[in-house]
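Let me begin by presenting the structure, written as C-alpha cells, before commenting on it.
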Amino acid sequence: MIKDPRHIALNILLFWHKTSHPLDKSLESYSEEISFLSKNDRSLCNALVFGVLRQRESIDWIIRAFSNTPFEKIDIKPLYLLRIALFQIMYMDRIPVFAAINTTINIAKKLSDKKTAGYINAVLRTAAENFSKVSLPDAKDNAPKFISVKFSMPLWLSKKWIQTYGFEPARSLCQQINTIPQITLRTNTLKVDRKSLSKRLSLVAKNIQQTDYANQGISFSNPTLPIHEFETFKLGLFQIQDEAAQIITQLLAPEPGEKILDACAGLGGKTGHIAQLMKNKGIIIAADVETKKLESLQLESKRLGIDIIQTKPINLLKTSIKDFDFYFDRVLMDAPCTGLGVMRRNPDTKWKRSKKDIERLAAKQKKMLNAAANLVKPGGILVYAVCSCEREENEEVIHRFLDKRKDFSIDKDFKSDNYSSLMTQLISRDGFLKTYPEANNMDGFFAARLKRKSKS
C-alpha cells in the first residue's frame, strides 16, 4: 500500500486524466489509499490534486519556459510529476523547495528510467530559481492569453468570457474561481434549527457564518475532522450544499402535501431540501437516469429522517405522464449542463469541457425542459436550473421554450415564506435568477420559475 501523499496524488491525477470520470469519482477510486494517510498527509494529497487542476495552465507556462523537451512530447507521468512539484514550489509556502524537488525525484526514480528522472530534476531546479522571472503574455496585445495563463483558464473560455463580459469582469471572475471556497451546508430543519447547529459546529470548525441569501445555510472553514465524521453529520442534521443550490429550491417553494417531481435528482441535495420545505409531508418523486445515484439518494434520505421520497429510474426524454399516476404540482429540472458555474469546487471541469459541449448540452436542455413541462399540472410550477452562467444554457433555453410553449410564462410575482427578501437582488428584470462567484461569493447558477396556465 502506497503511503506517500505525493505518489497517491500522482495516481489520482493520472487516473482522472486517462478516464472520463469527474474528479470526485477519481478521488473515490483511491479512497482506501487516502484513508491510510495521516491527517496532514491527507490534506497535502487533497491540496496537490485540487491545486494542480486549479493552476494547471499557469504551471504549464513555466514548464514550457524551462523544458528542453517540447511540451507536447513530454510523457504523461513526468508531466504530472512536474506539475505536482511546481505547484508546491510556486504556491505552497510551507513546503521547502528542496523537499518538493527531492520527493518528486524519488518518485520519478521508482516509476521511470534515470534519463527521465534527470530531465525532471533539471527542469525543477532551473524553474525553482527562475520561475518568478518568467513574463506573462501582454494583457493589451493578447488579453485572452494573459487571462488564460495568469488565472489558469482554457484559452477558448477566456476568449468567450472577454467577449461576453469584457476584460475586467472576466479577469475578476477568473480570479475568484481560483480561490478556495468555504464549506457550505444546509441545516436539516426537520431535526434542528440553524442557530443551534451553528453552535454545535463551532466545536469542530472555524469561521462559522450564516448565509445571507439561503435562509438555512451555514458556511465554515478549517474542520478538525472529515465532515462525514462530524457527530452532527451522523445525526443527519445537515447536508453539504452551496448557497446558490439552496436558493434554487427556495425558488421552487414547495408546500407541505404537494406532489413534487425532482426530474434530474442526482445524489439528492435539492431533493432533501424540497422535503424539508414540505415538512416531510406529501409526495416527492426523485427521478434520474443513473440508478446508483438514486441508491445513494435513498441512503441519504434515511440519514436525514425523510420518508416521503420515492425514487424512479427514468430517462426524461423517453418519459410521459403515462409513467406516473398523476400530474405534479411542481417540477424541478436541474438539467445536465457544462458545470462551468461550479469550477471553484470542481476545477477539473475546465479541462474537460469545450465550446462544443455548451452547444451540445443546450440542445439537450431544450428537449428535457419540454419533456418536464408535460408533467406539470395546469396552474403548476416548473423551475429550470443549471450550474452554468453561459447564455446558451440559460436565457436562450428559456426563450426557445416559451416561443414554443404558449401554455407557460415566467412567474415573476410569486410570494413565499421560504423566499428570502435578499433573493430579489439576484433576480433580473426578466425574472431570471442568476448568481456569480465573484459578485455573490457562491456558485454560478441560473434558474427560471415558470408557471403553466390554468385550464379556462
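Taking my numbering, the leading residue of the sequence shown gets 41, the next gets one more, and so forth.
Cβ coordinates follow ideal geometry from the N, Cα and C atoms, glycine included.
Alpha-carbon spacing of residue i relative to residue j, whole angstroms
i    : j    : result
N4   : S336 : No answer is possible for residue 4: the residues shown for the chain start at 41 and end at 496.
R440 : L53  : 39 Å
L292 : I258 : 20 Å
L164 : K43  : 24 Å
K417 : F366 : 9 Å
E97  : I187 : 10 Å
F111 : I103 : 8 Å
T25  : A162 : This structure cannot settle anything about residue 25, because the visible part of the chain is limited to 41 through 496.
L10  : T227 : Past the boundaries of the shown model lies residue 10; the chain is included only from 41 to 496, so the question cannot be answered.
Y476 : K299 : 31 Å
T272 : D282 : 18 Å
I467 : E430 : 16 Å
K113 : I48  : 24 Å
Q250 : V382 : 20 Å
K199 : E435 : 20 Å
L84  : L121 : 15 Å
I267 : S75  : 14 Å
N320 : F472 : 28 Å
W201 : I324 : 38 Å
Q405 : R445 : 15 Å
V92  : L119 : 11 Å
W101 : E73  : 31 Å
M132 : D233 : 38 Å
Buried or exposed by the 16-neighbour rule on C-beta atoms within 10 Å, applied to residue i
i    : result
S66  : buried
L357 : exposed
G297 : exposed
E419 : Correcting the residue type first, residue 419 is Gly in the shown sequence and not Glu. Exposed.
E433 : buried
K274 : exposed
K495 : exposed
L243 : exposed
A139 : exposed
N262 : exposed
R469 : exposed
D328 : buried
G206 : exposed
S428 : buried
K396 : exposed
P136 : exposed
K310 : buried
Under 8 Å between C-beta atoms of residue i and residue j
i    : j    : result
F90  : P353 : no
L88  : F127 : yes
S152 : K117 : yes
C377 : L339 : no
L334 : V371 : no
I349 : A315 : yes
L197 : K390 : yes
M373 : A412 : yes
I160 : I145 : yes
I99  : L50  : no
N218 : S192 : yes
L241 : F260 : yes
K190 : L176 : yes
H313 : T331 : no
A326 : A425 : no
D252 : L462 : yes
A245 : T264 : yes
S71  : F55  : no
R393 : L380 : yes
Contact belief for residue i with residue j at Cβ below 8 Å, rounded distance in angstroms
i    : j    : result
Q256 : Q286 : 7 Å
I361 : L301 : Not confirmed; about 11 Å, so no contact.
R489 : F454 : 7 Å
F106 : A167 : 5 Å
A284 : D483 : 4 Å
R82  : I147 : Rounded, the Cβ-Cβ distance is 18 Å, inconsistent with contact.
N247 : Q222 : 7 Å
P209 : L195 : Not quite, the Cβ-Cβ distance comes to about 18 Å (not below 8 Å), so this is no contact.
A497 : C304 : Given a span of 41 to 496 for the chain in the structure shown, any question on residue 497 remains unanswerable.
Check: residue i C-beta below 7 Å from any heavy atom of the ligand GDP
i    : result
I187 : Questions concerning the ligand GDP fall outside what the structure shown contains, since it holds no ligand whatsoever.
Cβ of residue i within 8 Å of any chain D Cβ
i    : result
L422 : No chain D appears in this structure, which consists of one protein chain only.
(request) Please specify which runs of the beta strand (DSSP E), each continuous and at least 3 residues long, are wholly inside the stretch 326-358, giving them in chain order. (result) 349-353
(message) At 3 residues or longer, what runs of the beta strand (DSSP E) sit wholly inside the stretch 170-198?
(response) none
(request) Any chance you could list the beta strand (DSSP E) runs of at least 3 consecutive residues sitting entirely within the stretch 383-422, in chain order? (result) none
(request) Output the residue ranges of the beta strand (DSSP E) runs that lie fully inside the stretch 249-313 and measure 3 residues or longer, sorted by chain position. (result) 257-261, 278-280 and 299-302
(message) Could you tell me which whole beta strand (DSSP E) segments of length 3 or greater appear in the stretch 116-176?
(response) none
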